[in-house]
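Novice:
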Amino acid sequence: FGVAAGNTLSRLLRVHNRTTWGFDSFVGLPPEEHGEPILHDWRPGGKRANGQNSAGLVHRKITEFVYKHGAKLKPNQLRLLSGLFNKTLKPGLARAAGMRPAVYVDIDADLYISSWQALDWLFGEGLLVPGSVVGYDDWWTLPCAANSTNVEAFGEAKAHLQATRKYKAVFRCICGPCEDRPPAYGGRTYFVLEALGVKAEAVKARVGVRVRLGSGLRLGLLPLSPFD
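Using our numbering, you'd call the opening residue of the sequence shown number 1294 and step up by one each time.
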C-alpha cells in the first residue's frame, strides 16, 4: 500500500514468486484527516510516484528490474490497482479478484487516513490472518519529527492501534525499532499477527501486559504488539 516508483515491490519480487498486489493512486497523496500532523512533502498531490505517474510505467519498471536480476514474473504475478484507497478498496474486492490471505503486507502510505483505510479493508476482507506479517515504513517518522514518544498518537501507528482495537487483534513486533527509546527511528518496523477475536483475548489473558506510564506504549511480556 503505497507503490510510488515500485522500489519495494521490485525487491520483494526478486525473491519470491507469489502473486503480489500493489495499491497506489499514482497521482500523489490524498488529503490527510483533518487535524492530523503531516510532513512538508505529505500534502495533497505530494509524492507523485517520482514522476512515474501511471501503473503501467511502474509495472514495466518492476518487470525490467526483476528480469535484470535473474528472475522473471509469471503472468499476472504482479497486479497494480490504481486509485485512491477510499475509491478502490471496496467490500468484496478480495473475493472478486481471487485474493488469498496475505503472507506479507507493506504499509507505506505515509498518512494516517490512508494507513487506516488499508488496514480496515484488509481485516474486513479477511486478508490478515494469524501468521501474516505487516511492515510499516514510517512507524517512527511522525513521532520522531514531533519530538514525541507517544507513538500511538500519529500516522501509521495510530492506524495500527485503531485496527487492533476494532478487530481485537494481537500483534508481536518481530523486527526493527519496537520501543520508544533512543534511537527509535531507524527504518521499518515489522509485526506478525498472532491472534484475532476470542483467541486474541485468550492470548492477552495468558501473557498479560505491562504499561509504561507516560509513553502510551504498551508492550506484552512476550513482547506482544505495542498495542493490545
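The beta carbon of each residue, even a glycine, is placed where N, CA and C say it ideally should be. None of the values given here were measured: they were computed from a predicted structure.
1. Between which two residues does the beta strand (DSSP E) containing S1375 stretch?
2. Quick check on E1378: does DSSP put it in helix, strand or coil?
3. Hey, out of A1364, V1427, F1378, whose CA is closest to E1325's CA?
4. What does DSSP give as the partner residue(s) for G1428 in the beta ladder?
5. Flag this pair as yes or no: are the beta carbons of A1456 and L1489 separated by less than 8 Å?
6. Please report the straight-line C-alpha distance between A1297 and R1458, rounded to a whole angstrom.
7. State yes or no: is the C-beta of R1311 within less than 8 Å of the C-beta of H1362?
8. Who are the Cβ neighbours of T1313 in its own chain at under 8 Å, not counting the five residues just before and after it?
9. Near V1422, what residues of its chain come up, given a Cβ to Cβ distance below 6 Å and the 5 sequence neighbours on each side ignored?
10. Between G1321 and F1358, what straight-line distance do the alpha-carbon atoms span, to the nearest angstrom?
Specialist: In short:
1. To locate residue 1375, count along the sequence shown from 1; it is residue 82. First-last of the beta strand (DSSP E) with S1375: 1371 to 1375.
2. The residue you call residue 1378 lines up with position 85 of the sequence shown. Note that residue 1378 corresponds to Phe in the displayed sequence, not to Glu. Note: F1378 maps to helix in three-state DSSP.
3. Counting from 1 along the sequence shown, the entry for residue 1325 is found at position 32. Looking at A1364, V1427, F1378, the one whose alpha-carbon comes closest to that of E1325 is F1378.
4. Counting from 1 along the sequence shown, the entry for residue 1428 is found at position 135. Its beta-bridge partners are D1399, Y1483.
5. Working through the sequence shown from its first residue, we reach residue 1456 at position 163. Working through the sequence shown from its first residue, we reach residue 1489 at position 196. For A1456 and L1489, no; Cβs fall outside 8 Å.
6. As a working mapping, residue 1297 is identified with position 4 in the sequence shown. As a working mapping, residue 1458 is identified with position 165 in the sequence shown. C-alpha separation (whole angstroms): 29 Å.
7. By 1-based counting over the sequence shown, the position of residue 1311 is 18. By 1-based counting over the sequence shown, the position of residue 1362 is 69. 8 Å or more divides the Cβ of R1311 from the Cβ of H1362.
8. What you label residue 1313 is simply residue 20 of the sequence shown in a count that begins at 1. Annotation for T1313: L1302, L1305, L1306, Q1370, L1371, R1372 place their beta carbon closer than 8 Å to its own, counting only its chain and skipping 5 residues before and after.
9. Walking along the sequence shown from the start, residue 1422 turns up at place 129. Around V1422: P1394.
10. Walking along the sequence shown from the start, residue 1321 turns up at place 28. Walking along the sequence shown from the start, residue 1358 turns up at place 65. Distance between the alpha carbons of G1321 and F1358 is about 23 Å.
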